[in-house]
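Read through the structure below, which is laid out as structure tokens, and then see the notes.
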Amino acid sequence: MGALADRLADSLALRKQKDLYRQRLTLQSAQGPVVRIDGHPYLNFCSNDYLGLAAHPRVIAAFRQAADDYGVGSGASHLVCGHSEPHHQLEEALAEFTGRPRALLFSSGYMANTGILTTLLEPGDHVFEDRLNHASLLDGGLHSGARFRRFPHGDVVALERTLAASEGVKLVVVDGVFSMDGDTAPLPALAESCARHDAALMVDDAHGFGVMGARGAGSTEAAGLGCTEVPILMATLGKALGTAGAFVAGSELLIESLIQQARTYIYTTALPPAVAAASLESLRLLQAEAWRREHLVHLIGRFRQGAGQLGLPLMPSGSAIQPLLVGDPGEALALSTQLRQQGILISAIRPPTVPAGTARLRITLSAAHSEAQVDQLLERLAACWTA
Ligand SMILES: *Cc1c(COP(=O)(O)O)cnc(C)c1O
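When we follow our numbering, the leftmost residue of the sequence shown carries the number 4, and every step to the right adds one.
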């Protein structure tokens, strides 16, 4: 590999030197409030399994039953012969739950976002993205060929200025709940601004779907916005639903356009049918068991109150994502390691996932946690932070 190998080696060495080198953990258990690594149990505060459904017996049973009925692999892409009944049922249920005419499954959120943006946008169009949008939204916007602009985080006034100065097809794209900060987009103001300037609004609700809103339908439900205000609603199934994959919900026109043209939909194998069946069971559970959302909200309040009393650097988040800002990546890594030694699993999130100088511990809470586990987290944080 010669020159290529040299460059790769230099790049890895630089990452190590800057405390930006990343390593994977290997879990020996299912997701849950306690996970096993290297034979030891750890209290898990870094998973996105917000409702505790990833290893729920009913979700597992639905997965198993569908594997018996439909096998494991879907066998082909959706447009060839990989689209089966569980996919169809899940799409119908997601459309109904989100109050949209149709929904379309994608194999991952990353693929949904890049597929949606590169299908809807053409060179000459304008796409406006919040600076803190998820990487998949930024990548999709950049690859679309449209004029790409980022606006300061949550700044509707700054967005409105550039919207007013642009002509033609305009699309505004935001996370409903920002994945590394946990705060929510100002959706009502964004929707009004879009309406005033003939722009379409797309919301990626990966972290709001299942958690926010009276029925758990997400950030748009919490903001009281329907298909007219938010014509393009995307969410993932790998977070609150505890399974895998993603969907987009919207009009017949939107969905048919994506089926015909989205390359990340057309040129890939459909999700295993059993994943769709498990997701449908998860969706039923989250609809039937409001106590999961209620308990999560209670734990968020308990954590914030305790962390506030300890003087920990909380960020302005009301969601299950409760980051503690550290700043320096080396320090964030050291804190994460110290907590690990205390039996607590929290990952240090470093650039380029977050802006330079804003490394943090990204704590996530789940309905599967108990009050006692949150108290234990606070106790260990108190010890490590001052140490
Ligand atoms: C996780 C995430 C995605 C990607 O979804 P995957 O299904 O994991 O590919 C997209 N957007 C946001 C905001 C996310 O947090």
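Here a beta-carbon is modelled for each residue, glycine too, at the ideal position from N, C-alpha and C.
Proximity of residue i and residue j at Cβ, strictly below 8 Å
i      : j      : result
Ala249 : Ala115 : yes
Gln68  : Ala280 : yes
Leu141 : Phe154 : no
Leu107 : Ile352 : no
Met203 : Cys197 : A small correction: the amino acid at residue 203 is Ala; Met does not occupy that position in the sequence shown. The answer is yes: Cβ separation under 8 Å.
Glu284 : Arg61  : yes
Leu327 : Leu317 : yes
Leu315 : Leu384 : yes
Pro36  : Leu46  : yes
Gly157 : Asp133 : yes
Pro89  : Ala98  : no
Cys387 : Leu348 : no
Asp433 : Gln31  : Nothing can be reported for residue 433, as the shown portion of the chain is limited to 4 through 390.
Leu93  : Ser282 : yes
Glu374 : Arg305 : yes
Phe109 : Val175 : no
Val251 : Leu228 : no
Gly171 : Gly144 : no
Gly253 : Pro276 : no
Pro332 : Lys21  : yes
Leu23  : Pro354 : yes
Ala370 : Leu299 : yes
Tyr270 : Ser80  : yes
Ile63  : Ala265 : no
Leu381 : Phe48  : no
Any non-hydrogen atom of ligand 1 within 7 Å of residue i CB
i      : result
Ser350 : no
Gly102 : no
His137 : yes
Thr239 : yes
Gly112 : yes
His146 : no
Ala209 : yes
Ala280 : no
Asp178 : yes
Ser182 : yes
Ala249 : yes
Asn116 : yes
For residue i: DSSP bridge partner residues
i      : result
Ala351 : Leu364
Glu132 : Arg153 and Val176
Gln325 : Ile366
Leu107 : Val251
Thr121 : BP columns for Thr121 are empty, so no partner.
Ala203 : Leu174
Ile40  : Leu30 and His43
Leu1   : As shown, the chain starts at 4 and ends at 390. That puts residue 1 outside it, with no answer to give.
Thr356 : Beta-bridge pairing links Thr356 to no other residue.
Gly74  : According to DSSP, Gly74 bridges with nothing at all.
Leu317 : Leu327
Thr389 : Beta-bridge pairing links Thr389 to no other residue.
Thr187 : Val180
Integer Cβ distance of residue i from residue j, believed to fall under 8 Å
i      : j      : result
Val329 : Ala335 : 4 Å
Ser222 : Gly211 : 4 Å
Ala226 : Leu190 : 4 Å
Ser50  : Tyr73  : Their Cβ separation, rounded to whole angstroms, is 27 Å, which puts Ser50 and Tyr73 out of contact at 8 Å.
Leu54  : Gly245 : 7 Å
Leu238 : Asp208 : Checking the sequence, you will find Ala at residue 238 rather than Leu. Confirmed, about 4 Å.
Ser77  : Leu274 : 6 Å
Ala220 : Thr101 : 6 Å
Gln325 : Leu368 : 6 Å
Thr361 : Thr117 : No, Thr361 and Thr117 are not in contact; Cβ-Cβ is about 25 Å, not under 8 Å.
Thr272 : Gly112 : That belief does not hold up - the Cβ atoms of Thr272 and Gly112 are roughly 17 Å apart, past 8 Å.
Val159 : Leu193 : 6 Å
Met215 : Thr356 : Actually they do not touch by this definition, with Cβ atoms about 23 Å apart.
Chain C contact for residue i (CB, 8 Å cutoff)
i      : result
Ala280 : Protein chains in the displayed structure number just one, and chain C is not present.
Counting pairs of Cβ atoms below 8 Å between the region 134-148 and the region 289-304, do you hit three or more?
No contact exists between the region 134-148 and the region 289-304.
Say whether the region 252-267 touches the region 117-125, bearing in mind that this needs 3 or more beta-carbon pairs closer than 8 Å, one atom from each stretch.
The region 252-267 vs the region 117-125: in contact.
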